[in-house]
Amino acid sequence: LAVSVPFLLYSALLGGLSGAAIVVSILVLAVELGVVSAIGVGLSGVLNRPLFSIVATYLTVAALSIGTLIAFALGGLVVQTPQTTTTYSGATYDENGRATGCGAGSTQVSQVPRFDYFWGVLATNPYVLLADAVPTHFDSRGNVTDLFGSVKVAVRTVQIPPKSTLRFDECSRDPNSGFSDGVNNPSARKLIESTVPGWAVGLLIQLALAAAALAGAVVRTRTPAGRLSRGSRVA
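Whatever position you read off the sequence shown (first residue = 1), add 1 for the working numbering.
Listed below in structure tokens is the structure:
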């Protein structure tokens with residue numbers, strides 16, 4: 002942490018990040034290092050071979066960094082739900098391109114992925130957790146203005162389940178009529194305020210993993226032991 006902070010500060014200042022974003026980023030980094038260290042200590046107590054415990058720790062970090070993305074994508078694609086889309090297309094149009102006559106409506110049923118079931122897996126990713134924890138800056142319209150905010154919006158969006166029915170009507174006089182089913186899409190600010198903080202959920206899952214590893218190490222190394230398994234280390 003002491004070695005990385007100067008480089009992080011330089012990069013953050015060069016990128017124009019705010020002071021709050023810099024402080025939160027360093028705090029999240031410190032917590033993540035503590036979680037990884039706790040998992041490593043726990044695995045070293047559970048596993049007999051030192052080299053294997055080191056490799057297992059590296060694999061755990063890889064699972065959190067890359068495996069969570071793969072599990073989230075595969076889970077959302079495997080679990081799908083039907084969605085009915087009703088479309089009313091215009092038969093005739095005026096000089097402004099507005100529909101003046103409507104054709105018969107068509108209904109199509111398709112399968113959509115349910116990423117909302119697995120957003121907790123995505124929130125466990127350390128990089129996603131960092132982006133979700135950093136304070137977000139918005140413009141006057143409520144849209145995000147930084148990369149961290151864009152990642153946060155994407156993570157919060159997957160929490161929302163897909164609608165079972167959609168309606169698109171070219172002949173409707175309602176300007177809101179469309180695939181949003183007559184409801185305007187919320188701004189990024191409203192979306193973030195109305196969804197669960199992903200960083201809190203992800204951190205709880207990581208702390209649970211670290212606690213489980215440490216608890217396993219305590220049970221595994223408890224003394225006195227009537228019989229030691231082969232390869233056990235005695236200090």
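Positions of the beta carbon are idealized from the N, C-alpha and C atoms, including for glycine.
### Query
How about R157 and T108: are their beta carbons less than 7 Å apart?
no
#### Entry: Chain-order list of residues whose beta-carbon lies under 8 Å from that of S66 (same chain, five-residue window excluded)
N126, P127 and Y128
#### Entry: Touch test, the segment 73-85 against the segment 116-124, Cβ-Cβ under 8 Å, three pairs minimum
yes
### Query
So, helix, strand or coil for A209, using DSSP?
helix
### Task
Buried or exposed for R168, please, with buried defined as at least 16 other CB atoms from any protein chain shown within 10 angstroms of its CB.
buried
### Task
Check whether the Cβ atoms of W200 and D140 sit closer than 7 Å, and answer yes or no.
no
### Given A72 as reference, the closest of A211, S165, A124 and D147 once Cα atoms are compared
A124
### Query
Do G46 and T166 come within 7 Å of each other at the CB atom, strictly closer than that value?
no
### Query
Is DSSP giving P198 helix, strand or coil here?
coil
### Task
Flag this pair as yes or no: are the beta carbons of V36 and L131 separated by less than 7 Å?
no
### L48 (DSSP reduced to helix, strand or coil)
coil
### Close beta carbons around L42, own chain, < 8 Å, minus the five adjacent residues each side
Looking at the sequence itself, residue 42 is Val, so the reference to Leu does not match. If we look at V42 and ignore the five residues flanking it on each side, its Cβ neighbours are A214, L215 and A218.
### Message
Under DSSP, the alpha helix (DSSP H) around Y11 begins and ends at which residues?
### Response
S5 to L15
### Query
Which value, in whole angstroms, describes the spacing of the CA atoms of A105 and Q81?
29 Å
#### Entry: Nearest-angstrom Cβ-Cβ length linking K164 and Q84, presumed shorter than 8 Å
7 Å
### Within 7 Å, strictly: CB atoms of V24 and V135
no
### Task
Please name the residue in F8, L14, A22 and Y11 whose C-alpha comes closest to that of G150.
A22
### Query
Can you name the residues that DSSP bridges to P83?
Q112
#### Entry: First through last residue of the beta strand (DSSP E) which encompasses L167
T166 to D170
### Straight-line gap, L15 to V6 (C-alpha atoms, nearest Å)
14 Å
### Message
Looking at the strands, I want to know which residues DSSP matches up with S151.
### Response
Partner(s): none; S151 has no beta bridge.
### Query
Smallest Cα separation from L2: which of L34, I161 and E194?
L34
### Task
Would you kindly work out how many angstroms separate the C-alpha atoms of R115 and S38, rounded to a whole number?
34 Å
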